[in-house]
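**Student:**
There are 2 protein chains.
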Amino acid sequence: MPSERNFFDLKAYLSEKKATVDRALEVYLSEPEGPTYDLISAMRYSVFAGGKRLRPILCIAGSEAVEKAGMDVLPVACALELIHTYSLIHDDLPVMDDDNFRRGKATNHKIFGEAVALLAGDGLLTEAFGLMTRSELLERISTDLILKVIDMIAHAAGYRGMVGGQVVDIQSEGKEVDFSVVEFIHTHKTGALITASVTSGAILGGGNETQLKAITSYGKKIGLAFQISDDILDVEGDSKTIGKSAGADERKGKITYPTVVGLSRSKEIQSELVEEAIDSLRAFDHRAEPLRRIARFIIERKK
Amino acid sequence: MPSERNFFDLKAYLSEKKATVDRALEVYLSEPEGPTYDLISAMRYSVFAGGKRLRPILCIAGSEAVEKAGMDVLPVACALELIHTYSLIHDDLPVMDDDNFRRGKATNHKIFGEAVALLAGDGLLTEAFGLMTRSELLERISTDLILKVIDMIAHAAGYRGMVGGQVVDIQSEGKEVDFSVVEFIHTHKTGALITASVTSGAILGGGNETQLKAITSYGKKIGLAFQISDDILDVEGDSKTIGKSAGADERKGKITYPTVVGLSRSKEIQSELVEEAIDSLRAFDHRAEPLRRIARFIIERKK
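These protein sequence lines map, in sequence, to chains W and Y.
End of the first sequence = 460 in the numbering used here, gap-free, step of one.
End of the second sequence = 460 in the numbering used here, gap-free, step of one.
Listed below in structure tokens is the structure:
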């Protein structure tokens, strides 16, 4: 449907969904008060530190690709953002990447101290699973599908997914490693949760086997493309725009696509992945247009 | 039913349930292999470091108190142990309590380093929610009850429960605080997950409203009694038996019941709580005998 395609405004779509996600997060994360004031403040600080809300938007768009009512998935979409945020807080800690800036702001432990930052991460990860059992979700979506999604997200975020990728990333710093190790880190550390984001939306939206297979394939491709584009931004980007220190990967001896296959081959791979991702969605109608456009956006972004 | 009561052997009960939980944990936590070898080894190291499995056993006993087939809850019982273990690993980190020994063994970060220990904790917390969606659970228990339990456990383990208690504990070290703060720390840091353990079992076992209310009351009382007995052991216990340094609370300026109300009043409160806990179960038959006996065991233990 070329006409619908021409009318689709990605910028407006992303900004509208981001605003919806932000409003929901405001409701889901209570205002700080009482003895745990600092903890809740720390959790909210990083959640509202200006994320793009890519994972929640992918979840909503994944649901829209298979049905109309994408907003039913909002608690799960927000849970994915909490998981992403917790991973950034823990990743920035001195015992991990030791970063002082994130999204142009001081990192969590720089403001709240390491102990509170660690616990804020733990609190966000735990609350993510709390969000996935919210009553408004249970009223609209079958409990079987919700449990399937909780299982998938726990798998993608845990030791067989994101946490596994982080361990290998930390342990590979400053070492000579095979291309297969870089691929493992990227597909696990970033790819797994991105794939789970779009696929969970499609599951909750009632997608059939064939649709879920196609969406999962799309998610894997853009997940890897996203991490490669992060690597490229670290080389080519400007610190002010990306909101963290450019060139940090090289200084830390991080294993990235540009260091292993070079910058120009990295860009080629990235573009191929995006084309393959879009091709995975060939059987979908105009309702998958946001996903197609997000795929291109991922490698065109400047931060 | 005094005859059944007389025949009940708590030691045999605890040891049989512990063996069952240990076998299940062996199945649930895969053997270390591949790039995440160290991560999985670190997760398994702390899970199999000799815990009493109190939370899983409370979950099973909570289920048995309302019905017969307590073993159906095994994945949730083990999930509670993973959550407890993750909290110990993070609690022992240098940025938190900075402990070198736990259960008579070197703490996780002393063996695997701080980064891997941090991620092992994250991996265990995430996998706990993965366990709660295992197929053998879904085949035996209604999805509504499972979701109710996931919600309750996320609440009890997160910022409104255990993580909230940990923050206040850390922030109160070396300060003069009110009795209400000590109570907050104890009911949140330890009490919340213990209450959730026994209540989740009763929910999954199909307990009715009245039963759940009684079991929750029991859980709250023994949760607080358990933490007070921990405080007392830290003063009176012998390092070798308790498996960590005795007197550590005092050296760290930790807020405990003995420091706030004195040792003898702490013991009185502890005994009162156990009697109240047992009284909460007065409407239950002999199937609640394990819970009654566990209540007394909690304050009689030497480690």
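Glycine included, each C-beta is placed from N, C-alpha and C at the ideal position.
Since we're looking at a predicted model, the values are computed, not measured.
#1: Are the Cβ atoms of Leu350/W and Ala311/W separated by less than 7 Å?
#2: For Val431/W, tell me which candidate among Arg444/W, Val392/W, Ser374/W and Glu190/W has the shortest Cα-Cα distance.
#3: Below 6 Å, is the gap between the Cβ of Phe383/Y and the nearest heavy atom of the ligand COA?
#4: Can a CB atom of chain Y be found closer than 7 Å to the CB of Ala311/W?
#5: Mapping DSSP to helix, strand and coil, what is Lys209/W?
#6: Kindly indicate the opening and closing residues of the alpha helix (DSSP H) around Phe286/W.
#7: When the cut-off is 7 Å and only beta carbons count, does Phe286/W lie next to chain Y?
#8: Whose C-beta lies closer than 6 Å to the C-beta of Asp254/W among residues of the same chain, with five residues either side of it excluded?
#9: Measure from the C-beta of Val325/Y to each C-beta in chain W and report whether the shortest distance is under 7 Å.
#10: Do you know offhand how far Asp308/Y's Cα is from Pro415/W's?
#11: Tell me whether Ala440/Y sits in a helix, a strand or coil according to DSSP, three-state version.
#12: Could you check whether the Cβ of Ile455/W sits closer than 7 Å to any Cβ belonging to chain Y?
#13: Could you name the residues that DSSP lists as bridge partners for Ala263/W?
#14: To which residues of the same chain is Asn257/Y closer than 7 Å at the C-beta, ignoring the five residues directly before and after it?
#15: Is it true that the segment 363-371 of chain W meets the segment 334-348 of chain W, where meeting means three or more beta-carbon pairs spaced less than 8 Å apart?
#16: Please name the residue, chosen from Val306/W, Ile379/W, Gln384/W and Ile303/W, that lies closest to Asp326/W on a Cα-to-Cα basis.
#17: From what residue to what residue does the alpha helix (DSSP H) around Ser357/W run?
#18: To the nearest angstrom, how far is it from the Cα of Ala434/W to the Cα of Ile298/W?
#19: Report the rounded CA-to-CA distance for Leu295/Y versus Ile303/Y, giving the unit in angstroms.
#20: With DSSP run on the structure shown, which of helix, strand or coil describes Arg449/W?
#21: Could you tell me whether the Cβ of Ala382/Y comes closer than 7 Å to any Cβ of chain W?
#22: Leaving aside the five residues before and after Leu167/W along the sequence, list all residues of the same chain whose C-beta is less than 8 Å from its C-beta, in chain order.
#23: Can a CB atom of chain Y be found closer than 7 Å to the CB of Tyr375/W?
#24: Would you check if there are 3 or more beta carbon pairs closer than 8 Å linking the segment 199-218 of chain W to the segment 233-247 of chain W?
#25: Residue range of the alpha helix (DSSP H) that Thr242/W falls in?
#26: Can you tell me whether DSSP reads Ser386/W as helix, strand or coil?
#27: When the cut-off is 7 Å and only beta carbons count, does Asp254/W lie next to chain Y?
#28: At a CB distance below 8 Å, what residues from the segment 189-214 of chain Y approach chain W? Give them in sequence order.
#29: Tell me which same chain residues have a C-beta within less than 7 Å of the C-beta of Leu196/Y, skipping the five on either side of it?
#30: What do you get for Asp442/W, buried or exposed, if any count of 16 or more other CB atoms within 10 angstroms of its CB means buried?
#31: Going by C-alpha distance, which of Ser421/W, Leu231/W and Ala181/W is nearest Ile389/W?
#32: Quick one, are the C-beta atoms of Tyr185/Y and Cys235/Y less than 7 Å apart?
#33: If Gly410/Y and Glu293/Y are in contact, beta carbons under 8 Å, what's the gap, nearest whole angstrom?
#34: Quick one: which residues of the segment 229-242 of chain Y get their C-beta closer than 7 Å to a C-beta of chain W? List them in chain order.
#35: What's the C-alpha gap between Met158/Y and Phe165/Y?
#36: Just to make sure I have the definition right: I need the residues of chain W whose C-beta is within less than 8 Å of the C-beta of Ala314/Y. Which are they?
**Tutor:** To lay it out plainly:
#1: Contact flag unset, no.
#2: Among Arg444/W, Val392/W, Ser374/W and Glu190/W, the Cα nearest to that of Val431/W is on Ser374/W.
#3: As presented, the structure is devoid of all ligands, the ligand COA included, so that no description of it is given.
#4: Yes - at least one Cβ of chain Y is within 7 Å of the one on Ala311/W.
#5: In this structure, Lys209/W counts as coil in the three-state DSSP scheme.
#6: Segment Glu271 to Leu288, the alpha helix (DSSP H) holding Phe286/W.
#7: Flagged as an interface residue toward chain Y: Phe286/W, by a C-beta distance shorter than 7 Å.
#8: Only Asp248 meet the Cβ criterion.
#9: Output row for Val325/Y: interface = yes.
#10: Inter-residue distance for Asp308/Y and Pro415/W is about 43 Å (C-alpha atoms, whole angstroms).
#11: DSSP places Ala440/Y in coil when its eight states are reduced to three.
#12: False, the Cβ-Cβ gap to chain Y never drops below 7 Å.
#13: Answer is Phe258/W.
#14: Short of 7 Å from the beta carbon of Asn257/Y, and not among the five residues preceding or following it, lie these beta carbons of its own chain, in chain order: Ala263, Thr264 and Lys267.
#15: No: the two stretches stay apart, fewer than three of their Cβ pairs being nearer than 8 Å.
#16: It is Gln384/W.
#17: Ala349 to Leu361 is the extent of the alpha helix (DSSP H) around Ser357/W.
#18: Answer to the nearest angstrom: the Cα atoms are 27 Å apart.
#19: Between Leu295/Y and Ile303/Y, the C-alpha separation is close to 8 Å.
#20: Residue state for Arg449/W is assigned as helix, using DSSP reduced to three classes.
#21: It does not: the Cβ of Ala382/Y has no partner Cβ on chain W nearer than 7 Å.
#22: Cβ-Cβ distances below 8 Å link Leu167/W to Pro447, Arg450, Ile451 and Phe454 in the same chain, with the five nearest sequence neighbours on each side left out; the list follows chain order.
#23: No, Tyr375/W does not count as interfacial toward chain Y.
#24: In this structure the segment 199-218 of chain W lies against the segment 233-247 of chain W, because at least three pairs of beta carbons, one per stretch, are closer than 8 Å.
#25: Taken as a continuous stretch (DSSP letters only), the alpha helix (DSSP H) holding Thr242/W covers Leu231 to Asp249.
#26: Shown here, Ser386/W sits in a helix according to DSSP, grouped into three states.
#27: For Asp254/W, not one C-beta of chain Y is nearer than 7 Å to its own C-beta.
#28: Hits within the stretch, in order: Pro192, Thr193, Asp195, Leu196, Ile197 and Met200.
#29: Within the same chain, Val273, Leu276, Ala277 and Gly280 come within 7 Å of Leu196/Y by CB-CB distance, once the 5 residues on both sides are set aside.
#30: For Asp442/W, the number of other beta carbons within 10 angstroms of its own is below 16, and it is reported as exposed.
#31: When C-alpha distances from Ile389/W are compared across Ser421/W, Leu231/W and Ala181/W, the shortest belongs to Ser421/W.
#32: The beta carbons of Tyr185/Y and Cys235/Y sit closer together than 7 Å.
#33: So it is not a contact: roughly 46 Å between Cβ atoms.
#34: Residues: none.
#35: Unreliable placement is indicated for Met158/Y, whose pLDDT of 46 sits below 50; the coordinate value is still reported in the next sentence. Looking at the two C-alpha atoms, the distance is approximately 11 Å.
#36: Per Cβ cutoff of 8 Å: Thr283.
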